[in-house]
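Note that the numbering used here gives residue 784 to position 8 of the sequence shown, counting from 1, and the numbers run on in steps of one.
No residue lacks a Cβ here, since even glycine has one placed at the ideal position from N, Cα and C.
A quick write-up on the structure given underneath.
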Amino acid sequence: MLGYKNVERVKPSGLELVDRLVGVQRVTKVTKGGRAFGFSAIVVVGDGKGVVGHGLGKSKDVSSAIAKAVEDAKKNLVRIPLLDGTLPHEQKGKFGGAKVFIKPASHGTGVIAGGAVRAVLESVGVHDVLSKSQGSSNPHNVVKATFDALLQLRSAATVARQRGISLEKVFNG
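Put into structure tokens, the structure is as follows:
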């Protein structure tokens, strides 16, 4: 979450957070006594009103990996600017080999997105959006690329404040 100008961190207390499981991977470590299996889970939590976070949990069994991931996600909550159930503007995000493009859509379009991107956008509370995931389909990197795009979003009021001009002047040049 570092390197972004206008990231507003949020405390998890007093929020109705819903968690969504993005993916569970079974990982194998080969030792001299055979194979040791473990699990890693990636989870996205959000309140559906612009607050969202993601987390990774690893454990020997699935349920505790998910529980750890939820705890980790609650530590990384951020607020995303929304505009009438969609995004303020289109944005590209990148992380590793994954690239994500998100674009605002008119009311009634729905969430047009693949698995990992859909989980993040629905947790944020976006109802109408178009998206395209390119490059890597690794769910870890796709989730982080989606967060990269979301954290770069700026509302019109924020742009006006940063430029020191009125809201009308932002739209009318």
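Q | Cβ shell of Asp924 (< 7 Å), same chain only, five flanking positions each side left out | A | As a working note, residue 924 is residue 148 in the sequence shown. Closer than 7 Å at the Cβ level, and outside the excluded window around Asp924, lie Gly869, Lys870 and Phe871.
Q) For Ala932, which option in Ser912, Gln910, Pro857 and Ala921 has the closest C-alpha, if you only look at C-alpha atoms? A) As a working mapping, residue 932 is identified with position 156 in the sequence shown. Of Ser912, Gln910, Pro857 and Ala921, the residue nearest in Cα terms is Pro857.
Q) Taking the beta strand (DSSP E) that Val819 falls in, what are its first and last residues? A) The residue you call residue 819 lines up with position 43 of the sequence shown. Unbroken beta strand (DSSP E) run through Val819: Gly810 to Gly822.
Q. Between the segment 821-840 and the segment 787-794, do three or more beta carbon pairs fall short of 8 Å?
A. Flag = yes, the segment 821-840 and the segment 787-794 touch.
Q. For the alpha helix (DSSP H) that contains Ser840, what are its first and last residues?
A. On the sequence shown, position 64 is the one that residue 840 refers to. If you look at Ser840, you'll find it in the alpha helix (DSSP H) that goes Val838 to Lys851.
Q: Compare the Cα-Cα distances from Lys787 to each of Thr807, Lys920, Leu832 and Arg855 and report the closest residue.
A: For the purposes of this step, residue 787 is taken as the residue at position 11 of the sequence shown. Lys787 has its Cα closest to that of Arg855, out of Thr807, Lys920, Leu832 and Arg855.
Q) Who pairs with Ala973 in a beta bridge, going by DSSP? A) Within the shown structure, residues of the chain are numbered from 777 to 949, placing residue 973 beyond reach of any answer.
Q: State the CB to CB distance for the pair Ala799 and Ile818, rounded to an integer number of angstroms; the pair is presumed to be in contact (CB under 8 Å).
A: Here residue 799 refers to the residue found at position 23 when the sequence shown is read from its first residue. Here residue 818 refers to the residue found at position 42 when the sequence shown is read from its first residue. The sequence as given places Gly at residue 799; Ala does not occur at that position. Indeed they touch by this definition, with Cβ atoms about 5 Å apart.
Q | Straight-line Cα distance separating Thr922 from Ala895 | A | For the purposes of this step, residue 895 is identified with residue 119 of the sequence shown, where counting begins at 1. For the purposes of this step, residue 922 is identified with residue 146 of the sequence shown, where counting begins at 1. If I take the Cα positions, the gap works out to 10 Å.
Q) Does the beta-carbon distance from Leu859 to Ala881 come in below 8 Å? A) Start at 1 with the first residue of the sequence shown, and residue 859 comes out as number 83. Start at 1 with the first residue of the sequence shown, and residue 881 comes out as number 105. Contact: no.
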